[in-house]
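Below is one structure, written out as structure tokens, with a few remarks after it.
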Amino acid sequence: MRIAVSAGALALAAVVLTPVAASATTKEPTPSVNNPIDNSGLGGLSLETIAYGSHARQTMDVWWTPDGQQRPGIFLVHGGWWSSGDKKYMKEITRSYADLGYTVFNLNYRLSGDAAWPAQRTDALSAIALARKHADRWAFDPGNYVVMGFSAGGHIAAAVGTYGDGVSGLKGVVGLSPIISPLRAFSDGAKATDPNRRRLRTAAIKLAGGCAPKGKCSRVWASMEVAWHASRKDAPMLTIHSEDEFVPPVQSQLLRQMLGQVGVPVSVFTVPGINHSSPLYRQPGVAERVQTWISERIG
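Rendered as structure tokens:
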């Protein structure tokens, strides 16, 4: 496995990739993937870990097939209340999409204890920018990719999907139990008996920098609201919830309403039960539905 870190501070337009063991004067490695890497028993897949910023958590694992073809990409964003979690827990899902032939970028990002919102969205956008800049290195088609997130990672993924007036090359967003509205989570948690809903309220406050959605903090809470940023060039979305989980389907129904008003399709799918995030993804038929939806958009 090759591991690389950035040689300087984060810059969307100019990210330097430098091997960990090399000195500061080492030149950027040639983006060549002619020789498959199989140090982890990955068969024909290659794998390396790249830093897209100077913070320790601004890293991503890249899985690709070094066969000279440009392949569609999938960016995966883990969950964990915005305050915990790690890309290592996404390895099985990452491998499954790499085996299907995609170039897969499995992201870590700054947690809410490291930096308040919008640092997490900024990190996802920065990782995408680096991947697109060095697309040839990873046999990646920079104009054809989706972003998939789980729980809090679903919030980040959806926020990328409604960022600005469309993100170049982004063809779709998938959210498993995505928190579309931290404001809704804040209000629901205030009166909830469900400990997870109360915890989500606390997590949303921490993401906002430790303050409630009023006064000087109103702007950051508004920035966290995915549906409020709907525009006609946003990416189509698929969201999946369990019917009785603590991140209810109504969160995504609000997104479907707002994006629908500007002509962007949003599919909201529900399954029985209370499973959330990765356990929901493992429910019968859910992964297959996601894979079909992605294939229809990026091949």
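Counted the way the working numbering counts, the sequence shown spans residues 26 to 324. Where is the CB? At the ideal position from N, CA and C, for every residue including glycine.
Please state whether DSSP places residue i in a helix, a strand or coil.
i, result
"residue 53", "In this prediction, residue 53 scores a pLDDT of 39, lower than 50, which makes its location untrustworthy; no coordinate-derived value is stated."
"residue 315", "helix"
"residue 260", "coil"
"residue 131", "strand"
"residue 309", "coil"
"residue 141", "coil"
"residue 187", "coil"
"residue 220", "helix"
"residue 159", "coil"
"residue 243", "helix"
"residue 111", "coil"
"residue 136", "coil"
Under the rule that 16 or more other beta-carbon atoms within 10 Å means buried, what is residue i, buried or exposed?
i, result
"residue 104", "buried"
"residue 148", "buried"
"residue 321", "exposed"
"residue 137", "buried"
"residue 265", "buried"
"residue 160", "buried"
"residue 267", "buried"
"residue 297", "exposed"
"residue 226", "buried"
"residue 215", "exposed"
"residue 290", "exposed"
"residue 237", "exposed"
"residue 299", "exposed"
In this structure, what does DSSP give as the bridge partners for residue i?
i, result
"residue 267", "296"
"residue 96", "165"
"residue 170", "98 and 195"
"residue 89", "71"
"residue 150", "Its beta-bridge partners do not exist; DSSP assigns none."
"residue 291", "262"
"residue 279", "In DSSP, residue 279 forms no bridge with anything."
"residue 200", "174 and 264"
"residue 255", "Looking at the DSSP assignment, residue 255 forms no beta bridge with any residue, so it has no partner."
"residue 84", "76"
Going by Cα to Cα distance, which pick from the options is closest to residue i?
i, options, result
"residue 181", "89, 151 and 312", "151"
"residue 324", "99, 72 and 77", "99"
"residue 72", "123, 290, 133 and 319", "123"
"residue 188", "69, 316 and 172", "172"
"residue 94", "175, 162, 234 and 81", "162"
"residue 194", "214, 233, 154 and 174", "154"
"residue 186", "246, 263, 164 and 133", "263"
"residue 330", "184, 219 and 109", "The structure shown has nothing for residue 330, since the chain only spans 26 to 324."
"residue 191", "310, 257 and 111", "257"
"residue 113", "125, 134, 184 and 246", "134"
"residue 176", "304, 86, 288 and 69", "304"
Segment contact flag, the segment 268 to 285 with the segment 235 to 255, C-beta cutoff 8 angstroms, min 3 pairs:
Here the segment 268 to 285 lies against the segment 235 to 255, with 3 or more beta-carbon pairs under 8 angstroms apart.
Report yes or no: do the segment 167 to 174 and the segment 208 to 216 share at least 3 C-beta pairs separated by less than 8 angstroms?
Of all C-beta pairs linking the segment 167 to 174 to the segment 208 to 216, fewer than three are shorter than 8 angstroms, placing the two stretches out of contact.
For the segment 190 to 210 against the segment 309 to 321, are there 3 or more C-beta pairs whose distance is under 8 angstroms?
With the cut-off at 8 angstroms, the segment 190 to 210 and the segment 309 to 321 touch.
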